[in-house]
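If you're matching them up, the sequences are chains A and B in order.
If you count by our numbering, then the first sequence holds residues 23 to 427, one letter each, in order.
If you count by our numbering, then the second sequence holds residues 240 to 543, one letter each, in order.
Built from N, CA and C at the ideal position, the CB exists for glycine as well.
Bear in mind that the values here come from a model prediction, so they are computed numbers and not experimental data.
Shown next, in structure tokens, is the structure this report addresses.
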Amino acid sequence: MTRMTRRGALRILALTASSGLALAAGTATAQEDPVTIGYAVARTGANATGAGITTIPNYELWVRDVNEAGGLTMPDGSQRMIEVIEYDDRSSNEDLVRAIERLASQDEVDLILPPWGTGSNLAAAPLFARFGYPQLAATSVTDMAPQFADRWDRSFWMLGGGHDYASGLVDVLKGALDAGTINNQVAVVSVADGFGIDLIKAARPAFEEAGFELVYDETYPLGTSDFAAILSEAQSSGADSFVAFSYPPGSFGMTKTAQSMGYNPAVFYVGVGGAFPVYPDIANGQPDGVMAVGGVNADSPEIQDYFERHTEFVGQPPDSWASAITYASLEMLEQAIERVGLDKEALSEELASGTFDTIIGEVQLENNQLRDLWWVGQWQDGAFRAVGPADKDGAVAPVIPKPDW
Amino acid sequence: MTRLLLPLAGLVVLAALPGFVSEYGLGLMIGAVTYVTLASAWALFSGYTRYISLATVAFYGTGAYVVAVLNEVLPYPLVLLVAALIGGAMALVVGLSTLRLAGVYFVIFTFGLSELVRQLITWYEVNVTGTLGRYIFLDISARGIYWQMLALAAVTIGLTAWIHRRPLGLALRVVGDDETVAAHSGINLARTKLIAFVLSSVILTLAGAIVSPRWVYVEPSIVFNPTVSFLTVIMALLGGANRLVGPALGAVPLFLTFEWLSANFPDTYSIFMGLLFIGVVFALPEGVLAGVDRLRARKLRAAA
Chain A
23 MTRMTRRGAL RILALTASSG LALAAGTATA QEDPVTIGYA VARTGANATG
73 AGITTIPNYE LWVRDVNEAG GLTMPDGSQR MIEVIEYDDR SSNEDLVRAI
123 ERLASQDEVD LILPPWGTGS NLAAAPLFAR FGYPQLAATS VTDMAPQFAD
173 RWDRSFWMLG GGHDYASGLV DVLKGALDAG TINNQVAVVS VADGFGIDLI
223 KAARPAFEEA GFELVYDETY PLGTSDFAAI LSEAQSSGAD SFVAFSYPPG
273 SFGMTKTAQS MGYNPAVFYV GVGGAFPVYP DIANGQPDGV MAVGGVNADS
323 PEIQDYFERH TEFVGQPPDS WASAITYASL EMLEQAIERV GLDKEALSEE
373 LASGTFDTII GEVQLENNQL RDLWWVGQWQ DGAFRAVGPA DKDGAVAPVI
423 PKPDW
Chain B
240 MTRLLLPLAG LVVLAALPGF VSEYGLGLMI GAVTYVTLAS AWALFSGYTR
290 YISLATVAFY GTGAYVVAVL NEVLPYPLVL LVAALIGGAM ALVVGLSTLR
340 LAGVYFVIFT FGLSELVRQL ITWYEVNVTG TLGRYIFLDI SARGIYWQML
390 ALAAVTIGLT AWIHRRPLGL ALRVVGDDET VAAHSGINLA RTKLIAFVLS
440 SVILTLAGAI VSPRWVYVEP SIVFNPTVSF LTVIMALLGG ANRLVGPALG
490 AVPLFLTFEW LSANFPDTYS IFMGLLFIGV VFALPEGVLA GVDRLRARKL
540 RAAA
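Listed below in structure tokens is the structure:
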């Protein structure tokens with residue numbers, strides 16, 4: 023029994039609970055009934071990678087942290103353990119919708135945690151609204167968040183929109199342009215999928231407005247694995263900045279290709295995946311100087327503590343973009359419950375208006391959105407640090423030009 | 240008379256059920272009826288002709304996409320009509336150009352078709368509209384979706400029964416048994432296959448259109464999920480693709496099994512699914528219904 027990992031124990035807890043066996047969780051510490059929390063995330067299918075890196079480990083880590091501390095604190099000071107019910111949505115929205123209906127109407131769980139990804143959270147939003155559950159969408163990037171918050175008043179959008187990330191990057195590059203460290207030419211490639219399209223659409227006018235010229239602007243299909251042609255054209259374009267609005271396979275592939283062909287632009291920016299813990303290995307131990315979407319305040323003690331706990335529990339550090347946001351959203355939930363209890367309406371109001379103390383600092387939502395976010399980060403001394411927005415507390419100065427591979 | 244009354248009574252009972260089940264129960268019923276529709280519509284063409292089509296999701300996804308594009312422009316019934324027309328037109332073009340292919344070539348082509356449609360839509364959205372991902376904000380309740388889908392399933396099975404007794408049904412069965420014989424007995428091969436393919440495709444497209452409001456957000460990678468095509472085939476084969484209610488009998492238990500697996504074995508569900516597929520193909524190649532018939536025949540022989 024001592025050899026059994028906590029992760030394993032948690033899995034078993036989830037399994038037993040979902041197979042309908044009544045399980046008196048934590049009988050030793052809490053006499054009260056457990057709080058049931060359900061979620062449906064992708065264990066299999068196309069979304070399983072993203073959910074497996076950002077969503078599932080943080081849900082499991084948080085449940086472990088809360089239960090080890092004796093459970094969720096209620097407004098009257100009593101503590102109740104968390105019991106988890108988990109379903110696999112098989113990366114299909116139809117299955118996701120049904121799983122949430124099941125959690126709400128059959129299992130009658132106290133709270134539901136959102137699925138991974140933009141599309142999944144949108145498919146789930148009408149159901150969260152219909153059943154009245156607050157939805158803390160921590161892995162959903164959408165420019166339409168204000169409209170969604172109006173449409174579903176218990177939905178909370180915590181990861182910004184494509185527009186934010188594109189203009190955040192342009193701001194950082196504009197600083198280098200003004201300082202004379204790079205020329206005004208940019209080579210940009212984007213993946214022909216939701217994220218890439220949103221970002222390139224916002225980036226084109228933003229770059230031009232800041233005085234940049236897009237000398238190379240190409241879109242590549244999802245699933246592309248050979249980037250040699252793209253990169254050599256970018257290299258011969260004369261641009262000092264290389265920007266890729268890419269997904270993890272593309273981000274990794276372009277990094278390896280750029281290294282093998284000795285392509286060393288002053289700015290090397292990749293999209294999703296650049297902030298993954300596996301990135302330094304992909305970059306052959308030379309990630310320093312690479313920029314990517316996201317970032318954390320790597321010097322904050324709360325973040326350092328979170329990285330340590332995550333590493334100890336999951337076996338690897340979290341990604342430096344949405345993981346910390348996901349964990350912070352759960353801390354918000356925990357603190358809101360302590361203040362107002364499990365009533366869904368009161369809980370939603372508290373989440374919308376309250377101030378919370380989390381690993382990413384003090385958080386207060388504006389119009390149901392988290393706006394105080396990092397848009398650009400850079401690998402420096404082996405850690406992925408936030409560089410933009412530059413005036414946000416904890417930002418470090420970007421290193422431009424990037425050291426050669 | 241009872242041949243007609245019994246199914247009608249069953250239909251009335253099924254239509255009244257949503258009043259007595261939870262939201263999850265209703266969700267299950269929508270899923271089950273959707274797959275009954277898909278498997279039956281698939282069998283309408285493939286069951287008779289034995290052309291294994293993996294294009295189910297090409298039409299199903301197209302239906303969903305039509306709703307996503309038009310849901311804010313046209314009234315809902317018109318959207319459904321347009322979806323049916325587009326599905327029919329697509330099937331006509333595809334059918335005319337490919338129904339000459341036989342065997343494995345046809346299977347591969349239909350699989351490629353789903354990918355082709357998906358890439359075409361992606362290309363169009365990226366280069367022309369500059370956005371990927373569309374929203375469906377239609378105020379249709381889960382019950383509404385269930386009733387529409389139930390009606391479509393009933394129409395599909397009714398249509399199959401009706402065709403079965405027409406010359407078209409006979410022609411299709413002959414084509415399935417031996418195309419050369421069919422051609423020599425004066426059957427217009429191309430026309431026969433084309434009619435069945437278009438009918439089947441229109442129903443698949445409508446099924447996608449009806450169920451899509453449940454997804455709210457639609458993008459090519461979500462709606463053109465190849466698993467749908469594979470599930471449809473295996474469901475129809477399990478029940479017996481050339482029987483009237485075979486596909487329905489295969490779809491309901493398999494759908495419920497998958498649901499149970501995903502809830503109880505979220506990590507290992509795909510392994511169970513693979514094993515189940517292998518089991519079906521090896522043990523019941525002609526479907527459960529044919530298996531039951533064989534068993535009965537053996538007993539009769541033993542008795543005699």
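Quick one: list the residues of chain B neighbouring A145/A, beta-carbon separation under 7 Å, in chain order.
If you number the first sequence from 1, residue 145/A lands on position 123. Near A145/A (Cβ distances below 7 Å), the residues of chain B are W454, V455 and Y456.
Cutoff 6 Å; reference G93/A; Cβ partners in own chain excluding five residues on either side
Locating residue 93/A in the first sequence gives position 71, counting from the first residue. Closer than 6 Å at the Cβ level, and outside the excluded window around G93/A, lie A52, Q101, R102 and M103.
Beta-carbon of V237/A versus every beta-carbon of chain B: anything under 8 Å?
Within the first sequence, numbered from 1, the residue matching residue 237/A stands at position 215. So no, V237/A is outside the interface.
Delimiting residues of the beta strand (DSSP E) encompassing W401/A:
Taking the first residue of the first sequence as 1, we reach residue 401/A at position 379. Annotation: the continuous beta strand (DSSP E) that includes W401/A extends over V398 to Q402.
Is there at least one non-hydrogen atom of the ligand ADP closer than 7 Å to the beta-carbon of Q387/B?
The ligand content of the structure shown is nil, which means the ligand ADP is not present either.
Note down, in chain order, every chain A residue with its Cβ under 8 Å from the Cβ of D378/B.
As a first step, residue 378/B must be located in the second sequence, where it is residue number 139. Chain A residues near D378/B: none, gap ~10 Å exceeds 8 Å.
Looking only at its own chain, which residues have a Cβ that is under 8 Å from the Cβ of L445/B, when we skip the five neighbours before and after it?
Counting from 1 along the second sequence, the entry for residue 445/B is found at position 206. The answer, listed in chain order, is G302, L319, A322, A323, G326 and L391.
Counting contacts by CB-CB distance shorter than 8 Å, is S460/B in contact with chain A?
Within the second sequence, the letter at position 221 stands for residue 460/B. Taking Cβ atoms only, chain A reaches closer than 8 Å to S460/B, which makes this a yes.
CA-CA distance, S285/B and I291/B?
For the purposes of this step, residue 285/B is taken as residue 46 along the second sequence, with counting starting at 1. For the purposes of this step, residue 291/B is taken as residue 52 along the second sequence, with counting starting at 1. Between S285/B and I291/B, the C-alpha separation is close to 6 Å.
Nearest candidate by alpha-carbon position, reference A400/B, set W362/B, V414/B and L483/B:
If you number the second sequence from 1, residue 400/B lands on position 161. Relative to A400/B, the option among W362/B, V414/B and L483/B whose CA is nearest is L483/B.
Helix, strand or coil for L523/B? Go by DSSP, reduced to three states.
For the purposes of this step, residue 523/B is identified with residue 284 of the second sequence, where counting begins at 1. DSSP places L523/B in coil when its eight states are reduced to three.
Tell me whether V332/B is buried or exposed, calling it buried when 16 or more other Cβ atoms sit within 10 Å of its Cβ.
Counting from 1 along the second sequence, the entry for residue 332/B is found at position 93. V332/B is classed as exposed because its beta carbon has fewer than 16 other beta carbons within 10 Å across all chains shown.
Using three-state DSSP, classify T482/B as helix, strand or coil.
Taking the second sequence and counting its residues from 1, the one referred to as residue 482/B is at position 243. Note on identity: in this sequence residue 482/B is Arg, with Thr being the wrong assignment. Three-state result, R482/B: coil.
Output needed for P270/A: all residues of its chain with C-beta closer than 6 Å, excluding positions within five of it in sequence on either side, in chain order.
Translated into positions along the first sequence, residue 270/A becomes position 248. Taken in chain order, the residues that qualify are V294 and G295.
For R535/B, count neighbouring Cβ atoms within 10 angstroms of its own Cβ and tell me buried if that reaches 16, exposed if not.
Counting from one through the second sequence, the residue named residue 535/B turns up at place 296. So R535/B ends up on the exposed side.
In chain order, what are the residue ranges of uninterrupted alpha helix (DSSP H) at least 4 long that sit wholly in the stretch 338-384 of chain B?
343-363
Do you know offhand how far L495/B's Cα is from P137/A's?
Within the second sequence, numbered from 1, the residue matching residue 495/B stands at position 256. Within the first sequence, numbered from 1, the residue matching residue 137/A stands at position 115. Between L495/B and P137/A, the C-alpha separation is close to 22 Å.
When you compare the stretch 460-480 of chain B with the stretch 521-533 of chain B, are there three or more beta-carbon pairs, one atom per stretch, that lie closer than 8 Å?
yes
Considering only the alpha carbon of each residue, which of A344/A, G183/A, F170/A and D403/A lies closest to I75/A?
Counting from 1 along the first sequence, the entry for residue 75/A is found at position 53. Out of A344/A, G183/A, F170/A and D403/A, A344/A has the C-alpha closest to the C-alpha of I75/A.
In chain order, what residues of the same chain lie with their CB nearer than 7 Å to the CB of L340/B, ignoring the 5 residues before and after it?
Here residue 340/B refers to the residue found at position 101 when the second sequence is read from its first residue. F348, listed in sequence order.
Output, in chain order, the set of chain A residues within a Cβ distance shorter than 7 Å of T276/B.
In the second sequence, the residue the question calls residue 276/B occupies position 37. Chain A residues near T276/B: none, gap ~13 Å exceeds 7 Å.
Simplified DSSP assignment, three categories, for T419/B
For the purposes of this step, residue 419/B is identified with residue 180 of the second sequence, where counting begins at 1. Three-state result, T419/B: helix.
Coarse secondary structure for F274/A, derived from DSSP in three states:
Here residue 274/A refers to the residue found at position 252 of the first sequence. It is helical.
Beta-carbon proximity list for E458/B, same chain, < 8 Å, skipping 5 on both sides:
Within the second sequence, numbered from 1, the residue matching residue 458/B stands at position 219. L371, G372 and R373, listed in sequence order.
Where G30/A and L135/A are concerned, what is the direct C-alpha to C-alpha distance, given to the nearest angstrom?
As a working note, residue 30/A is residue 8 in the first sequence. As a working note, residue 135/A is residue 113 in the first sequence. Bear in mind that a pLDDT of 48 at G30/A, under 50, signals an unreliable position, so the number given afterwards is only what the model happens to contain. Here the alpha carbon of G30/A sits roughly 20 Å from the alpha carbon of L135/A.
How long is the line joining the alpha carbons of T431/A and R361/A, rounded to whole angstroms?
What the structure shows of chain A is the stretch from 23 to 427, and residue 431/A is not part of that stretch, so it cannot be assessed.
Which same chain residues, not among the five before or five after A126/A, have their C-beta less than 6 Å away from its C-beta?
The sequence position of residue 126/A within the first sequence is 104, counting from 1. These residues qualify, in order along the chain: F153.
Rounded separation between P406/B and T431/B - CA only:
If you number the second sequence from 1, residue 406/B lands on position 167. If you number the second sequence from 1, residue 431/B lands on position 192. Spanning the two alpha carbons is a distance of roughly 10 Å.
Length-filtered (4 minimum) alpha helix (DSSP H) runs lying within the stretch 297-376 of chain A:
301-304, 323-336, 344-362 and 366-375
Give a yes or no on whether the minimum CB-CB distance between G372/B and chain A is below 8 Å.
For this step, residue 372/B is matched to residue 133 along the second sequence. Yes, G372/B lies at the interface with chain A (some Cβ there is under 8 Å from its Cβ).
Does H607/B pass the burial test, meaning 16 or more other C-beta atoms within 10 Å, or should it be called exposed?
Residue 607/B lies beyond the range of chain B shown here (240 to 543); nothing can be said about it.
Sequence ranges, alpha helix (DSSP H) only - wholly within the stretch 247-271 of chain A, length at least 4
250-258
List, in order along the chain, the chain B residues whose C-beta lies closer than 7 Å to that of Q402/A?
Here residue 402/A is taken as the residue at index 380 of the first sequence, counted from 1. Near Q402/A there are no residues of chain B at all, since even the closest Cβ is about 33 Å away, more than 7 Å.
Output needed in chain order: residues of the stretch 407-435 of chain B with a Cβ under 8 Å from some Cβ in chain A.
none
For E123/A, decide whether its Cβ has a neighbour in chain B, counting only Cβ atoms nearer than 8 Å.
What you label residue 123/A is simply residue 101 of the first sequence in a count that begins at 1. Yes, E123/A lies at the interface with chain B (some Cβ there is under 8 Å from its Cβ).
Cut-off 8 Å between Cβ atoms - residues of its own chain near T361/B, not counting five sequence neighbours on either side:
Your numbering for residue 361/B matches position 122 in the second sequence. Within the same chain, T361/B has close Cβ partners L371 and P459.
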